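Right, one structure below, let's go through it.
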Amino acid sequence: MSPIDENKKPETRVYQVLNQIPRGKVASYGQVAALAGMPSHSRLVGRILSNLPRGTRLPWHRVINSQGRITNPDPARQLARLEEEGITLIDGRVSLKTYGWQP
DNA sequence: TGTTTGACGGACA
DNA sequence: CTGTCCGCCAAAC
Numbered sequence: 032m033s034p035i036d037e038n039k040k041p042e043t044r045v046y047q048v049l050n051q052i053p054r055g056k057v058a059s060y061g062q063v064a065a066l067a068g069m070p071s072h073s074r075l076v077g078r079i080l081s082n083l084p085r086g087t088r089l090p091w092h093r094v095i096n097s098q099g100r101i102t103n104p105d106p107a108r109q110l111a112r113l114e115e116e117g118i119t120l121i122d123g124r125v126s127l128k129t130y131g132w133q134p
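Heads up: take any position in the first sequence, counting from 1, add 31, and you land on our numbering.
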């Protein structure tokens, strides 16, 4: 897996990072932004995810906020997909200690 | 061109 | 632990 292509569009870089998050692991918006070479652009990551085409194969569900919370406008769908990968939530939160992706 | 918005983050009480 | 507040920044108004 090659590093991030700094030349491409922000969304392309975010896609590349998403594809690196392993099954059963999660990453925060800020983490994705940083890995995409855009520190301090966590909100931009959120916007890009919100614009993903329906039916995309990207693992957008593996992105949560820094507190382990789902901030997706449709939490039920994301929750289902996370549980499908063996990620369990406690009090509506993902344990980053357990499931946090460490590249 | 100024203001508001948002799938955020971190500091602080 | 939770809630509040402020910084951040591109897009939409």
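Where is the CB? At the ideal position from N, CA and C, for every residue including glycine. Every value quoted in this text rests on a predicted model; they were computed, and no experiment measured them.
Check                                                                                                                                                                     : Outcome
Per DSSP, what kind of secondary structure is Ser33 in: helix, strand or coil?                                                                                            : Summary for Ser33: the model assigns pLDDT 49, below 50, so the residue's position carries little reliability; its value from the coordinates is reported in the next sentence. If DSSP states are grouped into helix, strand and coil, Ser33 belongs with coil.
Just to confirm my understanding: we take Ala58, look at its own chain, exclude 5 residues before and 5 after, and list those with CB closer than 7 Å. What are they?     : Ile52, Arg93, Val94, Trp132
Val94 bridges to which residues according to DSSP?                                                                                                                        : Ala58
Going by the DSSP bridge assignment, what does Gly131 pair with across the sheet?                                                                                         : Val57
Leu80 bridges to which residues according to DSSP?                                                                                                                        : Note: Leu80 sits in no beta bridge, so no partner.
Answer yes or no: do Ala67 and Arg44 have a C-beta to C-beta separation smaller than 7 Å?                                                                                 : yes
Excluding the 5 residues preceding and the 5 following Gly61 in the sequence, name in chain order all residues of the same chain whose CB lies nearer than 7 Å to its CB. : Ser73, Ser97
On the three-state DSSP scale, how would you describe Leu14?                                                                                                              : Lying outside 32 to 134, the shown extent of the chain, residue 14 is not represented and no answer is given.
What does DSSP give as the partner residue(s) for Arg100 in the beta ladder?                                                                                              : Arg124
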